[in-house]
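Reading through the structure tokens given below for one structure.
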Amino acid sequence: MSKKDYYEILGIEKTADKKDVKKAYRKLARKHHPDANRENKKEAEERFKEISEAYEILADEEKRKRYDQFGHEGVNFGSGGFSWDQFTKAGDVSDIFEQMFQGGGLGDVFSQFFGGGRRRQQNNRGNDLRYDMSISLEEAYQGLEKEITVPRKDNCSDCDGSGASEGGTLEHCSQCEGQGMVREVHRRGFMQSITTNVCNRCGGTGKVIDKPCSKCNGNGVKDNRRKINVDIPAGVEDGQHLRLRSQGDSGSRGGPKGDLFVVINVNEDKRFERQGSEIGYRLKISPVDAVLGKAINVPTISGEVKLNIPPGTQPNTILRMKGRGMPVIGRNDTFGDQHVEIEIDISKASGKKKQVWEELRKIEEQESESFISKAKRKLRGE
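Okay, so the sequence shown: first residue is 518 according to the numbering used here, each after it adds one.
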């Protein structure tokens, strides 16, 4: 079953800016929160989760780019789908719920959905990473395997990613009371605003380590440089993202790894212009070849191929070389075409060439005069 479009879920256009996205989500969150819809609570829970999933993607610039390019596949939440521990935008609506429930406690409001805060779980997923790779048009045509070196955070080898030294234990964070989030109330005159932030003592986990690992300072991860082989498919396009699952940062304290997104930059080629799987090429030919026609060797991305120039070819004529373009990803043995635009090279003639052109002009003038004479005789009835 196909998933619903995120823009449609929030009721916004694809051109909506961050402010519009947030405004739409806040309006829908107020309307569909389960505690405000007790008669249809189950339905409200599903709807509230749906709009929160959409907001998680569209409010994040990088995730939104991947969604716009690849759809739901580009922002996959895993086999289990979107879950509340993956929601990172709780602070954007905390003030709404404080007003709705009249200061009844943010932890109580979010406990059912967000686990008391977006990072309450001990295992936190690592960050997704981006790596920009430049390749030539020929490499994009052939496809290749390339080794890259990526700076990332890997599990600490001393504590195996737990963040605790030998014999260390996890304790309840006293600063956030295990919620992972802390609430701050700001007053200015008779106005009051409430913000919710990740607890800076436990990092949002709700737990602290009594004996943190000395090598990673209790984070469970350390900076590293990892060599990774990337398979680049034939036909890859400029700006395309390749997703390498679990090749991003390791999660803190044993959490799952994020993904690595390799962004392909295909360098411009001096000979060819590319548009998707189609290739464009400008070919200069002589006036003689344009008039008489000729079989000419033409460069293609895969090597030279003979192209028949028909007699009487005009300037800017486009001839198609079927199957001589770029491979089409996902369609085995399918290629685009190469489109050859004819440019007639008219240069200044000298010597014998000039004599030949002068002879041709005389012939054309004679033919023209002969045609006119015949037309006059016909008009006179001769």
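No residue lacks a Cβ here, since even glycine has one placed at the ideal position from N, Cα and C. All figures in this text were calculated on a predicted structure; none of them were measured in a lab.
Assigned exposure category for residue i - 16 Cβ within 10 Å defines buried
i       : result
Thr-532 : exposed
Gln-692 : exposed
Pro-827 : exposed
Asp-748 : exposed
Phe-594 : exposed
Ser-867 : exposed
Ser-679 : buried
Ile-880 : exposed
Leu-654 : buried
Lys-670 : buried
Gln-586 : exposed
Asn-849 : exposed
Arg-718 : exposed
Lys-910 : As shown, the chain starts at 518 and ends at 899. That puts residue 910 outside it, with no answer to give.
Gly-633 : Here the model assigns Gly-633 a pLDDT of 41, short of 50, so the residue's position is not dependable, and the following value carries that caveat. Gly-633 should be labelled buried.
Gln-774 : Residue identity check: residue 774 is Lys in the sequence provided, not Gln. Per the 10 Å Cβ criterion, buried.
Gly-735 : buried
Asn-641 : buried
Through-space distance from residue j to residue i, alpha-carbon basis
i       : j       : result
Lys-539 : His-550 : 16 Å
Asp-649 : Arg-743 : 15 Å
Arg-555 : Lys-548 : 12 Å
Ala-576 : Asp-537 : 10 Å
Phe-631 : Asp-534 : The pLDDT assigned to Phe-631 is 47, lower than 50, so where the model puts this residue is not dependable; a value taken from the coordinates is nonetheless given after this. The alpha-carbon atoms of Phe-631 and Asp-534 are separated by roughly 26 Å.
Glu-570 : Phe-778 : 21 Å
Lys-732 : His-703 : 38 Å
Leu-761 : Ile-818 : 28 Å
Glu-681 : Gly-695 : The displayed chain sequence assigns Ala, not Glu, to residue 681. In a straight line, the C-alpha of Ala-681 is about 18 Å away from that of Gly-695.
Glu-882 : Val-873 : 14 Å
Arg-837 : Asp-854 : 7 Å
Arg-647 : Val-780 : 7 Å
Gly-737 : Glu-563 : 35 Å
Gln-603 : Asp-522 : 19 Å
Gln-659 : Gly-847 : 14 Å
Leu-527 : Lys-520 : 14 Å
Leu-877 : Phe-789 : 36 Å
Pro-668 : Cys-690 : 31 Å
Gly-588 : Glu-754 : 17 Å
Asp-677 : Phe-599 : 28 Å
Gly-643 : Lys-839 : 47 Å
Ser-763 : Glu-590 : 15 Å
Ala-657 : Lys-663 : 12 Å
Cys-730 : Asp-675 : 8 Å
Gln-757 : Asn-784 : 13 Å
Ala-561 : Lys-544 : 14 Å
Lys-869 : Gly-820 : 35 Å
Pro-750 : Phe-852 : 14 Å
Arg-841 : Gly-829 : 24 Å
Glu-530 : Val-699 : 34 Å
Asn-825 : Glu-578 : 50 Å
Asp-565 : Leu-759 : It should be pointed out that residue 565 corresponds to Phe in this sequence rather than to Asp. If I take the Cα positions, the gap works out to 31 Å.
Ala-546 : Leu-687 : 34 Å
Gly-810 : Ser-885 : 24 Å
Lys-510 : Trp-601 : Within the shown structure, residues of the chain are numbered from 518 to 899, placing residue 510 beyond reach of any answer.
Lys-582 : Asp-645 : 14 Å
Ser-864 : Val-815 : 21 Å
CB-CB length for residue i against residue j, believed under 8 Å
i       : j       : result
Ile-745 : Ile-665 : 6 Å
Tyr-524 : Tyr-572 : The pair is not a contact, with the Cβ atoms about 11 Å apart (cut-off 8 Å).
Val-845 : Gly-752 : 6 Å
Gly-685 : Ile-726 : 5 Å
Ile-813 : Ile-802 : 7 Å
Ile-574 : Tyr-584 : 5 Å
Asp-776 : Gly-793 : Asp-776 to Gly-793, Cβ: 26 Å. No contact.
Arg-799 : Met-843 : Going by Cβ atoms, the distance from Arg-799 to Met-843 rounds to 18 Å, so no, they are not a contact pair.
Lys-739 : Cys-673 : 5 Å
Val-592 : Lys-606 : At roughly 14 Å, the Cβ-Cβ gap does not stay under 8 Å, so Val-592 and Lys-606 are not in contact.
beta-carbon residue i near the ligand MG non-hydrogen atom, thresh 8 Å
i       : result
Asn-717 : With respect to small molecules bound, the structure shown includes none, and the ligand MG cannot be examined in it.
Inter-stretch contact at 8 Å, needing at least 3 Cβ pairs: the region 713–729 / the region 800–817: With the cut-off at 8 Å, the region 713–729 and the region 800–817 do not touch.
With a cut-off of 8 Å, do at least 3 Cβ pairs link the region 853–860 to the region 826–838? In the pairwise beta carbon analysis, the region 853–860 is classified as touching the region 826–838: at least three pairs are separated by under 8 Å.
Within 8 Å, do at least three Cβ pairs link the region 758–769 to the region 722–742? In short, these stretches touch, since the Cβ pair count reaches three.
Taking only runs that begin and end inside the region 520–546, name each unbroken alpha helix (DSSP H) of 4 or more residues, in chain order. Taking only runs of at least 4 residues, the alpha helix (DSSP H) segments lying wholly in the region 520–546 are 523–527.
Please give me, in chain order, every unbroken run of the beta strand (DSSP E) with length at least 3 that falls completely inside the region 770–809. The region 770–809 contains these whole beta strand (DSSP E) runs: 777–783, 790–792 and 795–802.
Please give me, in chain order, every unbroken run of the alpha helix (DSSP H) with length at least 4 that falls completely inside the region 823–864. Listed in chain order, there is nothing to give.
Ranges of the beta strand (DSSP E) found wholly within the region 638–695, counting only runs of at least 3: Those beta strand (DSSP E) runs which fall completely within the region 638–695 and span 3+ residues are 646–652, 661–672 and 687–689.
List in chain order: all unbroken beta strand (DSSP E) runs of 3+ residues lying wholly within the region 734–768. Entirely contained in the region 734–768, the beta strand (DSSP E) runs reaching 3 residues are, in chain order, 738–749 and 758–761.
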